[in-house]
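Take a look at the structure below.
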Amino acid sequence: MNQAARIEAHAALITVAGEQVLCDPAGVLYVPAARVMAVSDLHLEKGSSLARRGTLIPPYDTAATLARLNEALLRYRPETVISLGDSFHDVEGSARLPQAFRDKLKAMMEGRRWFWIAGNHDPLPPDDLPGRTVDALAVGALTFRHEPSRTGCEGEIAGHLHPGARVVRRGRSVRRACFVADGQRLVMPAFGAFTGTLNVMDEAFAGLFARDRMVAYLLGRDRVYAVAGTQLRSG
Amino acid sequence: MAAPAFWFSSVDLTQRPSIESEVPSARLPEPFLKWFSERGWSPRAHQIELLARAQAGRSALLIAPTGAGKTLAGFLPSLVDLATRPKRRPGEAYRGVHTLYISPLKALAVDIERNLAKPVGEMGLPIAMETRTGDTPAHKRQRQKLSPPDILLTTPEQLALLIASKDADRFFRGLRYMVLDELHSLVISKRGHLLSLGLARLRRLVPDLQTIGLSATVAQPDQLRRWLVPQNPPGEMSDLIEVAGGARPEITILASEERVPWAGHSARYAIPEVYEAIRRHKTTLLFVNTRSQAELLFQELWRINEDSLPIALHHGSLDVGQRRRVEKAMEQNALRAIVATSTLDLGIDWGDVDLVVHVGAPKGASRLAQRIGRSNHRMDEPSRAILVPANRFEVLECEAALEANYLGAQDTPPLREGGLDVLAQHVLGCACAGPFEASDLYEEIRNAEPYARLDRETFDKVVAFVATGGYALKSYERFARIRQTKEGLWRISHPRFAQQYRLNVGTIIEAPMLNVRMTRAGRGANVRGGPVLGKVEEYFLETLSPGDTFLLSGKVVRFEGIRENECLVSSAAGSDPKVPYYAGGKFPLSTYLAGEVRAMLADPERWQVLPDQVADWLRLQRDKSVLPGRGELLVETFPRGGRHYMVAYPFEGRLAHQTLGMLLTRRLDRAGGHPLGFVATEYSLAVWGLTDMGAMFASGALPLSKLFDEDMLGDDLEAWLDESWLLKRTFRDCALISGLIEKRHPGQEKSGRQVTVSADLIYDVLRSHEPDHILMRATRADAAAGLLDVRRLSEMLSRISGRIVHKRLDRISPLAVPVMLEIGRERVDGEANDLLLREAADDLIHEAMGEA
Numbered sequence: 013m014n015q016a017a018r019i020e021a022h023a024a025l026i027t028v029a030g031e032q033v034l035c036d037p038a039g040v041l042y043v044p045a046a047r048v049m050a051v052s053d054l055h056l057e058k059g060s061s062l063a064r065r066g067t068l069i070p071p072y073d074t075a076a077t078l079a080r081l082n083e084a085l086l087r088y089r090p091e092t093v094i095s096l097g098d099s100f101h102d103v104e105g106s107a108r109l110p111q112a113f114r115d116k117l118k119a120m121m122e123g124r125r126w127f128w129i130a131g132n133h134d135p136l137p138p139d140d141l142p143g144r145t146v147d148a149l150a151v152g153a154l155t156f157r158h159e160p161s162r163t164g165c166e167g168e169i170a171g172h173l174h175p176g177a178r179v180v181r182r183g184r185s186v187r188r189a190c191f192v193a194d195g196q197r198l199v200m201p202a203f204g205a206f207t208g209t210l211n212v213m214d215e216a217f218a219g220l221f222a223r224d225r226m227v228a229y230l231l232g233r234d235r236v237y238a239v240a241g242t243q244l245r246s247g
Numbered sequence: 011m012a013a014p015a016f017w018f019s020s021v022d023l024t025q026r027p028s029i030e031s032e033v034p035s036a037r038l039p040e041p042f043l044k045w046f047s048e049r050g051w052s053p054r055a056h057q058i059e060l061l062a063r064a065q066a067g068r069s070a071l072l073i074a075p076t077g078a079g080k081t082l083a084g085f086l087p088s089l090v091d092l093a094t095r096p097k098r099r100p101g102e103a104y105r106g107v108h109t110l111y112i113s114p115l116k117a118l119a120v121d122i123e124r125n126l127a128k129p130v131g132e133m134g135l136p137i138a139m140e141t142r143t144g145d146t147p148a149h150k151r152q153r154q155k156l157s158p159p160d161i162l163l164t165t166p167e168q169l170a171l172l173i174a175s176k177d178a179d180r181f182f183r184g185l186r187y188m189v190l191d192e193l194h195s196l197v198i199s200k201r202g203h204l205l206s207l208g209l210a211r212l213r214r215l216v217p218d219l220q221t222i223g224l225s226a227t228v229a230q231p232d233q234l235r236r237w238l239v240p241q242n243p244p245g246e247m248s249d250l251i252e253v254a255g256g257a258r259p260e261i262t263i264l265a266s267e268e269r270v271p272w273a274g275h276s277a278r279y280a281i282p283e284v285y286e287a288i289r290r291h292k293t294t295l296l297f298v299n300t301r302s303q304a305e306l307l308f309q310e311l312w313r314i315n316e317d318s319l320p321i322a323l324h325h326g327s328l329d330v331g332q333r334r335r336v337e338k339a340m341e342q343n344a345l346r347a348i349v350a351t352s353t354l355d356l357g358i359d360w361g362d363v364d365l366v367v368h369v370g371a372p373k374g375a376s377r378l379a380q381r382i383g384r385s386n387h388r389m390d391e392p393s394r395a396i397l398v399p400a401n402r403f404e405v406l407e408c409e410a411a412l413e414a415n416y417l418g419a420q421d422t423p424p425l426r427e428g429g430l431d432v433l434a435q436h437v438l439g440c441a442c443a444g445p446f447e448a449s450d451l452y453e454e455i456r457n458a459e460p461y462a463r464l465d466r467e468t469f470d471k472v473v474a475f476v477a478t479g480g481y482a483l484k485s486y487e488r489f490a491r492i493r494q495t496k497e498g499l500w501r502i503s504h505p506r507f508a509q510q511y512r513l514n515v516g517t518i519i520e521a522p523m524l525n526v527r528m529t530r531a532g533r534g535a536n537v538r539g540g541p542v543l544g545k546v547e548e549y550f551l552e553t554l555s556p557g558d559t560f561l562l563s564g565k566v567v568r569f570e571g572i573r574e575n576e577c578l579v580s581s582a583a584g585s586d587p588k589v590p591y592y593a594g595g596k597f598p599l600s601t602y603l604a605g606e607v608r609a610m611l612a613d614p615e616r617w618q619v620l621p622d623q624v625a626d627w628l629r630l631q632r633d634k635s636v637l638p639g640r641g642e643l644l645v646e647t648f649p650r651g652g653r654h655y656m657v658a659y660p661f662e663g664r665l666a667h668q669t670l671g672m673l674l675t676r677r678l679d680r681a682g683g684h685p686l687g688f689v690a691t692e693y694s695l696a697v698w699g700l701t702d703m704g705a706m707f708a709s710g711a712l713p714l715s716k717l718f719d720e721d722m723l724g725d726d727l728e729a730w731l732d733e734s735w736l737l738k739r740t741f742r743d744c745a746l747i748s749g750l751i752e753k754r755h756p757g758q759e760k761s762g763r764q765v766t767v768s769a770d771l772i773y774d775v776l777r778s779h780e781p782d783h784i785l786m787r788a789t790r791a792d793a794a795a796g797l798l799d800v801r802r803l804s805e806m807l808s809r810i811s812g813r814i815v816h817k818r819l820d821r822i823s824p825l826a827v828p829v830m831l832e833i834g835r836e837r838v839d840g841e842a843n844d845l846l847l848r849e850a851a852d853d854l855i856h857e858a859m860g861e862a
């Protein structure tokens with residue numbers, strides 16, 4: 013069995029604006045044709061960002077996020093990586109990045125093209141890290157951008173919203189981070205260890221997706237679960 | 011003007027209960043003697059004895075039943091001392107608080123103030139008394155600091171705030187007595203830990219401070235006696251004064267003509283008889299174990315209330331205004347009956363109650379005694395109480411409780427070592443008051459009984475946690491909340507941390523609740539709302555769909571949706587709610603009662619005391635399935651409604667069953683049994699799944715002896731603990747109490763996902779990167795003691811080893827009915843969660859294929 017087939021067994025292969033993309037249960041998106049892997053909303057150094065204000069939550073979020081990112085890189089071996097904005101939790105985040113983590117990240121970037129998409133938390137290029145910082149990036153028919161644009165944009169892959177979905181069955185409720193797509197547009201889940209979710213039924217998502225074609229791809233333990241928008245619950 | 015000399019004339023009152031022979035004599039000043047004699051009263055022996063001991067400089071614990079005049083006894087030393095102390099000299103600008111009274115309930119403090127004001131006023135004593143609670147307006151609190159009352163009535167949280175202020179020293183300089191009310195209920199919680207640390211701090215400010223503890227009867231008074239005096243070095247105890255219980259209560263079990271149901275908690279069958287009892291008495295208190303039971307009972311009583319008797323409802327989910335109105339009416343004796351939950355458990359005086367009805371099983375014998383003490387606050391007359399079992403298991407339990415009460419058996423949970431999260435909160439509080447030296451503080455806190463055995467290394471870790479989070483990766487030094495000065499003193503590094511401390515003080519973490527607002531039907535969540543009916547837990551709402559109906563505030567309401575942070579409901583037609591139950595206010599069955607119930611079940615001789623129908627139920631179980639012997643474990647398996655069930659009957663109490671359920675589902679999950687969920691009751695445990703577990707046991711694919719092997723308490727317990735949502739919830743509480751994350755305050759709900767980090771995520775990261783962090787330790791300690799009852803489970807597993815009886819049935823058994831009705835409230839994480847997702851995903855496939 014080749015590598016691609018093994019990956020497809022647990023990821024969901026879907027079509028956005030005619031392009032095939034893989035939604036991986038780890039929360040990364042892979043475009044096989046272009047050998048591009050995308051992750052969104054890493055929010056690196058969120059722990060230290062809050063610590064500055066006296067909330068001393070554990071300083072291990074960057075380590076945890078980078079470890080998961082490294083696993084995904086080893087699995088897909090992409091030529092190009094897109095970090096879809098909010099890569100750092102605040103504008104000084106990249107400057108605060110401890111040296112050990114910086115070295116680790118640099119090693120992961122080695123030998124591949126790397127794009128930092130500017131986000132609202134990190135509008136400027138990161139300190140002392142390679143890679144190019146851009147506002148948006150086109151890959152075939154796809155356009156990678158941090159915030160989903162309000163004017164309908166075919167082929168847009170965005171982040172920013174931290175989508176999550178809730179399913180209620182047999183009196184029990186399961187909530188997971190998810191990809192959400194309708195064939196034209198896709199919003200990626202947040203990848204960072206300290207990132208929460210916002211329900212796709214929230215009004216922040218209103219108008220982004222064609223309701224009747226909207227599908228959430230919930231991140232399961234070892235596979236992705238496609239659930240129709242009509243089956244999802246708010247709250 | 012000098013104080014009148016006659017106030018100092020001493021009177022020796024010798025009619026006292028003798029516990030120790032060397033009792034010093036008490037001095038009771040003239041106004042007190044006059045006041046007593048004018049009313050034809052004389053002080054009770056224990057009141058005089060407590061006074062004598064206090065006047066001899068001793069701290070003391072007074073154990074007395076309700077109605078024994080405990081409160082007056084507790085305050086008598088203060089009143090006498092205040093009445094006889096010299097007036098303030100000119101130029102003496104400031105007098106601090108003389109007596110500090112701490113109660114677990116705000117309402118109790120208010121109640122005591124009222125009760126005490128009367129004798130103080132009638133004797134014309136120059137004593138100022140005030141309460142200070144979370145409800146006290148800021149200007150009054152400010153004024154209290156400038157001009158403190160002689161007696162301050164307050165709560166553990168307010169004490170923590172007072173000692174964390176810079177002028178604590180001045181405020182408490184004149185403190186002589188600390189009166190701790192309902193001490194038995196305070197010491198078992200984290201509030202007690204916080205209070206013990208506050209007390210240790212007060213001792214430092216006032217070394218000769220005397221404590222007076224007031225308590226209901228407890229199994230081990232020595233624990234409380236140690237609690238009241240400094241424990242560094244450990245072992246010293248306060249004096250003890252015990253007043254024997256008053257008249258023996260008259261307790262009966264309702265003998266109903268009606269059928270006692272096999273299951274359920276409503277006790278609907280007994281409503282006409284309960285109503286009759288209300289009619290025959292002046293004022294009846296009806297106690298239940300859960301809020302939903304309260305709602306149901308209230309609704310049912312009104313359904314047949316042909317005389318329109320004033321019957322009210324009181325529980326923690328109701329709107330505060332509504333609760334206050336009920337309390338007021340009760341005080342004025344305007345009510346004939348009040349249906350209540352544990353919100354009314356503690357010693358508030360409620361008018362002339364002459365009957366207590368307890369609906370549902372009373373769980374622990376101590377709890378029963380306390381609740382019955384509510385009736386008839388005159389100690390010399392017997393209290394009257396009726397127990398109303400709601401189902402047949404509860405009949406067994408009521409019988410056992412009845413015997414326990416007559417035997418005087420007591421069950422107070424064992425006291426726990428002080429929580430490290432609470433200590434962290436206290437350390438920050440101490441820094442707010444002023445710079446401290448770590449060694450000094452360590453010596454100080456070990457005076458508190460719960461922390462007497464704390465080792466220095468752990469203490470230092472807690473201090474490091476307060477400073478920088480205490481992580482092995484030392485990257486937060488520059489963000490420290492407290493820092494060491496050159497002299498080695500720990501000092502708060504920014505005033506905003508003191509502000510943070512004040513906003514987050516306390517140990518009471520409430521489940522997130524949403525307001526329930528009335529609106530019109532069928533408009534979804536898009537309409538303006540009407541009045542607020544009360545509150546319900548967020549996690550209960552999670553399981554509701556629009557259109558579902560449930561009971562709140564005596565009404566059946568229809569769930570419309572959630573808008574922002576409110577739950578919208580509308581009036582529902584009909585009277586049978588679709589979702590009959592919601593959690594809240596569940597008590598564990600005490601070890602003692604559980605053992606009694608087990609013994610009764612195994613011994614047909616003892617069934618004679620049971621109503622015929624209950625005995626018939628047990629006989630039916632014997633015919634249809636089997637009854638477990640005293641040392642055996644019965645496991646039944648049967649299919650029902652497309653699922654397969656396994657019901658086990660360990661009779662070990664809900665906590666132990668809950669832990670067992672977690673571990674069993676984990677093992678079943680691994681063995682391919684696909685468990686979907688489980689539910690635990692006091693008596694039994696049901697697990698359900700998609701695979702026929704009975705077949706697995708019978709074929710030997712998964713032997714029961716292996717499933718119930720004691721080794722589950724090893725690796726499985728550890729592994730489960732780490733992933734358990736219960737542990738996550740415990741962690742969240744520890745994180746809030748310790749100050750790692752902040753409480754949500756009104757208006758902050760919308761601060762959003764960018765700012766806050768959920769405790770679950772922090773837990774996951776900490777578990778994988780620093781599993782031995784001080785907060786993880788605090789969490790595990792809480793879980794092992796509070797949530798798991800591991801000790802009890804371990805004893806059970808070893809007892810039943812080799813004595814498991816498996817009965818494969820083709821339908822539900824009589825004994826299984828009660829637990830089956832509880833199903834639907836517990837979650838199992840793990841594969842089953844993904845299983846639900848798979849089902850939802852499959853629906854999409856069906857839809858796509860045109861099959862749905």
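One line per chain: the protein sequences are A and B, in this order.
What the first sequence shows, in my numbering, is residues 13 to 247, in sequence order.
What the second sequence shows, in my numbering, is residues 11 to 862, in sequence order.
Even for Gly, the Cβ is constructed at its ideal location relative to N, Cα and C.
Is there at least one Cβ from chain A nearer than 8 Å to residue i's Cβ?
i, result
"residue 767/B", "yes"
"residue 502/B", "no"
"residue 778/B", "yes"
"residue 771/B", "yes"
"residue 775/B", "yes"
According to DSSP, simplified to helix, strand and coil, what is residue i?
i, result
"residue 223/B", "strand"
"residue 495/B", "coil"
"residue 165/A", "coil"
"residue 397/B", "strand"
Contact criterion: CB-CB distance below 8 Å. Does residue i meet it with respect to chain B?
i, result
"residue 52/A", "no"
"residue 67/A", "yes"
"residue 64/A", "yes"
"residue 42/A", "no"
Cutting at 6 Å between CB atoms, please list the residues of its own chain near residue i, excluding the five before and the five after it.
i, result
"residue 211/B", "173"
"residue 516/B", "167"
What does a CB cutoff of less than 8 Å around residue i pick up in its chain, not counting 5 residues either side in sequence?
i, result
"residue 412/B", "261, 263 and 397"
As a quick exercise: from the options, pick the residue whose alpha carbon is nearest that of residue i.
i, options, result
"residue 792/B", "426/B, 84/B, 221/B and 807/B", "426/B"
"residue 242/B", "676/B, 581/B and 463/B", "463/B"
"residue 429/B", "628/B, 461/B and 446/B", "461/B"
Should residue i and residue j be called a contact, given that it needs their Cβ atoms to be closer than 8 Å?
i, j, result
"residue 31/A", "residue 152/A", "yes"
"residue 294/B", "residue 287/B", "yes"
"residue 138/A", "residue 100/A", "yes"
"residue 53/B", "residue 134/B", "no"
Grab me the residues of residue i's own chain with a C-beta within less than 7 Å of its C-beta, minus the 5 sequence neighbours each way, in chain order.
i, result
"residue 213/B", "219, 240 and 457"
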